[in-house]
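Let me begin by presenting the structure, written as structure tokens, before commenting on it.
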Amino acid sequence: MTAARVFVARLAGVAVFDPAGDQIGRVRDLVITLPVGTKPPRVLGFVVEVQPRRRVFLPVTRVTTIEADAVIFTGRINMRRFEQRGGETLALGELLDRTVELVETGERVSVLDLGMEQTPTRDWLMTKVAVERGRRGLRRRGETLIVDWRAVTGFARPEQGQGAENLVAALAEMRAADLAGVLHDLPPKRRAELAAALSDERLADALEELPGEDQVEIIGTLDNDRAADVLEAMDPDDAADLLSELPDRQAEALLARMEPGEAEPVRRLMVYEDDVAGGMMTTEPVVLLPDATVAEAEAAVRNPDLTPALAATVYVTRPPSETPTGRYLGLVHFQRLLREPPGTLLGALLDTHLDPLRPERTLHEVAGYMAAYNLVALPIVDEVGRLIGVITVDDVLDHLLPRDWRESAPREDPEGSAGGSEGSGDAAGAREAR
594 MTAARVFVAR
604 LAGVAVFDPA
614 GDQIGRVRDL
624 VITLPVGTKP
634 PRVLGFVVEV
644 QPRRRVFLPV
654 TRVTTIEADA
664 VIFTGRINMR
674 RFEQRGGETL
684 ALGELLDRTV
694 ELVETGERVS
704 VLDLGMEQTP
714 TRDWLMTKVA
724 VERGRRGLRR
734 RGETLIVDWR
744 AVTGFARPEQ
754 GQGAENLVAA
764 LAEMRAADLA
774 GVLHDLPPKR
784 RAELAAALSD
794 ERLADALEEL
804 PGEDQVEIIG
814 TLDNDRAADV
824 LEAMDPDDAA
834 DLLSELPDRQ
844 AEALLARMEP
854 GEAEPVRRLM
864 VYEDDVAGGM
874 MTTEPVVLLP
884 DATVAEAEAA
894 VRNPDLTPAL
904 AATVYVTRPP
914 SETPTGRYLG
924 LVHFQRLLRE
934 PPGTLLGALL
944 DTHLDPLRPE
954 RTLHEVAGYM
964 AAYNLVALPI
974 VDEVGRLIGV
984 ITVDDVLDHL
994 LPRDWRESAP
1004 REDPEGSAGG
1014 SEGSGDAAGA
1024 REAR
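Every position in the sequence shown, counted from 1, becomes a number in the numbering used here once 593 is added.
Here's what the structure looks like:
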């Protein structure tokens, strides 16, 4: 059964199921129209993200159930990529954190959430607004009120300096790749506001998943000190790729503001061409000395900040263990660690049959080497045998795929849709058909 009233911030990331019970995606936003005057807005439909990372429009007329953990629809979804049109507003992306006024008192309040309800004619309207009054004294939050839509005004007025605290909260559980999709789809003004509100680490993770042009735009909205902090939070190879997209003077200015220890590996990576091993590698693999134990290695790969590909292998070198390391000795795969007693020394477990590559090797050579030996990562050494980095399979895929792969449309079925029979032809359905 569809809920009588639904607050939209709670729908962010909720799974969307077709009539057969198969999950086809997740809710990313709601599309509404803002009418003139005090009439409540109509909900046109949902922005649903389907794999691979593609946002499509689901008319609200085809939704049969809205619950805390599921949205269920009937009919078909047109698989054309969603594009926001004139007169349409994204409820989550554009209205949360908006400053509006209470009609009765003129008091300025901040929008925390929006409540929608279904009418007897089965239309969905935004009827309620959760707002926060100004904070007083030492209270971290002000008083929260839930008022009728007609009790506030100012939604249609463009706002400069809109915050994004509540939008950040609504997106808190979203994976970095999905957050990147939200950033990409927002209007430029709102994108900049969301970027400003995210923590350095959260923004860095999202930037790593965005196309180069989006990265450049977002970094350009930050002051140099904040931009340098975000670059420090990125993986060195991703930071180097981003800086290579910037004018030389701007890139050097940002490098100069980074901590020297964070800037050094980025500078080393920037000397390589983008499509050779040196330009693809990361400088932060798991490196231990030969007298480290299996227990120490297992503890190191438990680090939640490591990607699965980096956590799959421990590299063993002479001191120092920071790249560029001492002489590279070999590696130990995670599966081998699981088979050995905790006190066993890594020096006794080395796989020395896999030769490391030099940083000048081409993308084609690297990809072929990884395919031939079924690798998820491989070591890169310099001319004197020091480990200088590691290439993971995701690095290779990023370089093998077209530059616009995040935007490329998947192959559509002959109907260009998913699900069962066609839905109704009302305003929400008409939006899809235009």
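Glycine is no exception: its CB is placed at the ideal position from the N, C-alpha and C atoms.
Here the structure is a predicted model, which is why all the values come from computation and not from measurement.
Measure the alpha-carbon distance for residue i versus residue j and round it to whole angstroms.
| i | j | result |
| --- | --- | --- |
| phenylalanine 610 | glutamine 616 | 4 Å |
| threonine 937 | leucine 971 | 23 Å |
| tyrosine 966 | aspartate 988 | 17 Å |
| glycine 871 | arginine 673 | 38 Å |
| leucine 623 | leucine 683 | 6 Å |
| glutamate 1005 | alanine 846 | The pLDDT assigned to glutamate 1005 is 44, lower than 50, so where the model puts this residue is not dependable; a value taken from the coordinates is nonetheless given after this. Rounded to whole angstroms, glutamate 1005 to alanine 846 spans 45 Å at the Cα level. |
| arginine 996 | alanine 844 | 21 Å |
| glutamate 891 | aspartate 898 | 14 Å |
| glutamate 852 | aspartate 822 | 9 Å |
| proline 1007 | alanine 904 | Unreliable placement is indicated for proline 1007, whose pLDDT of 38 sits below 50; the coordinate value is still reported in the next sentence. Computed Cα separation, rounded: 42 Å. |
| isoleucine 973 | methionine 873 | 10 Å |
| isoleucine 625 | glycine 679 | 11 Å |
| alanine 849 | alanine 832 | 14 Å |
| phenylalanine 675 | leucine 779 | 12 Å |
| aspartate 662 | arginine 669 | 21 Å |
| glycine 982 | glutamine 755 | 42 Å |
| proline 634 | glutamate 681 | 10 Å |
| tyrosine 962 | leucine 990 | 14 Å |
| alanine 608 | phenylalanine 639 | 12 Å |
| aspartate 807 | arginine 715 | 39 Å |
| proline 751 | valine 656 | 31 Å |
Might you give, ordered along the chain, the residues of its own chain that have their beta carbon closer than 7 Å to the beta carbon of residue i, omitting 5 neighbours on each side?
| i | result |
| --- | --- |
| proline 1003 | Confidence at proline 1003 is low in this model, with a pLDDT of 49, below 50, so its placement is unreliable and the value that follows should be read with caution. Pro645 and Arg647. |
| leucine 731 | Any reading at leucine 731 must be qualified, since the residue scores a pLDDT of 46, below 50, and its modelled position is unreliable; no value is offered. |
| phenylalanine 748 | Leu627, Leu688, Arg691 and Val693 |
| aspartate 798 | Ala769 |
| serine 792 | none |
| glycine 606 | Arg619, Val620, Glu766 and Met767 |
| leucine 685 | Val601, Ala602, Ala605, Asp622, Leu623, Leu760 and Ala763 |
Cβ atoms of residue j and residue i: under 8 Å apart, would you say?
| i | j | result |
| --- | --- | --- |
| tyrosine 921 | leucine 882 | no |
| methionine 709 | threonine 698 | no |
| leucine 956 | histidine 992 | yes |
| valine 641 | glycine 618 | yes |
| leucine 930 | valine 909 | no |
| glutamate 786 | alanine 757 | yes |
| glutamate 953 | valine 869 | yes |
| leucine 836 | valine 859 | yes |
| valine 745 | valine 724 | yes |
| alanine 602 | aspartate 741 | no |
| arginine 743 | threonine 631 | yes |
| alanine 902 | threonine 985 | yes |
| alanine 773 | glutamate 802 | yes |
| leucine 950 | valine 959 | yes |
| alanine 888 | proline 935 | yes |
First and last residue of the alpha helix (DSSP H) that includes residue i?
| i | result |
| --- | --- |
| glutamate 810 | 805 to 814 |
| phenylalanine 927 | 927 to 932 |
| glycine 747 | First-last for glycine 747: undefined, no H or E at that position. |
| glutamate 802 | Taken as a continuous stretch (DSSP letters only), glutamate 802 belongs to no alpha helix (DSSP H), as it is neither H nor E. |
| asparagine 759 | 758 to 763 |
| leucine 942 | That residue, leucine 942, is in no alpha helix (DSSP H); it is neither H nor E in DSSP. |
| leucine 787 | 781 to 790 |
| glutamate 889 | 887 to 894 |
| alanine 870 | 870 to 873 |
| leucine 863 | As written in the sequence, residue 863 is methionine, which differs from the leucine given in the question. Looking at the DSSP string, the run of the alpha helix (DSSP H) that includes methionine 863 is 853 to 863. |
| tyrosine 962 | 956 to 965 |
Whose C-alpha, out of the options, is nearest the C-alpha of residue i?
| i | options | result |
| --- | --- | --- |
| alanine 941 | Asp741, Asp987 and Thr886 | Thr886 |
| aspartate 944 | Ala960, Glu953, Arg951 and Phe927 | Phe927 |
| asparagine 759 | Arg783, His777 and Arg750 | Arg783 |
| threonine 875 | Thr900, Met851 and Glu660 | Thr900 |
| glutamate 700 | Ala765, Asp841 and Leu738 | Leu738 |
| arginine 795 | Pro804, Gly727 and Leu824 | Leu824 |
| valine 696 | Leu803, Asp828 and Val722 | Val722 |
| valine 649 | Thr814, Ala849, Asp662 and Val775 | Val775 |
| glycine 805 | Leu651, His777 and Gly679 | His777 |
| leucine 862 | Arg895, Asp828, Arg850 and Ala888 | Asp828 |
| proline 912 | Gly978, Gly638, Val983 and Leu651 | Gly978 |
| alanine 613 | Asp948, Leu947, Phe666 and Val629 | Phe666 |
| alanine 820 | Ala789, Glu838 and Asp830 | Ala789 |
| proline 713 | Arg726, Asn671, Ala597 and Val704 | Ala597 |
| aspartate 884 | Leu939, Arg726 and Ile812 | Leu939 |
Which residue marks the beginning of the beta strand (DSSP E) containing residue i, and which one marks its end?
| i | result |
| --- | --- |
| leucine 707 | 701 to 711 |
| lysine 632 | Segment: none, lysine 632 is in no beta strand (DSSP E) and carries neither H nor E. |
| glycine 618 | 616 to 626 |
| aspartate 741 | 737 to 741 |
| alanine 663 | 663 to 666 |
By Cβ distance, which residues of its chain are closer than 6 Å to residue i, with the 5 residues on each side in sequence left out?
| i | result |
| --- | --- |
| tryptophan 717 | Val636, Val653, Met709 and Gln711 |
Compute the minimum distance between the beta carbon of residue i and the heavy atoms of the ligand SAH, and state whether it is under 7 Å.
| i | result |
| --- | --- |
| arginine 860 | This structure lacks the ligand SAH, and indeed carries no ligand of any kind. |
Looking only at its chain, what residues have a beta carbon closer than 8 Å to the beta carbon of residue i, apart from the 5 residues adjacent to it on each side?
| i | result |
| --- | --- |
| valine 1030 | The requested residue 1030 is not part of the displayed model; the chain covers only 594 to 1027. |
Taking CB distances under 8 Å as the criterion, tell me whether residue i reaches chain B.
| i | result |
| --- | --- |
| glycine 754 | Reference to chain B is not applicable here, since this structure consists of a single protein chain. |
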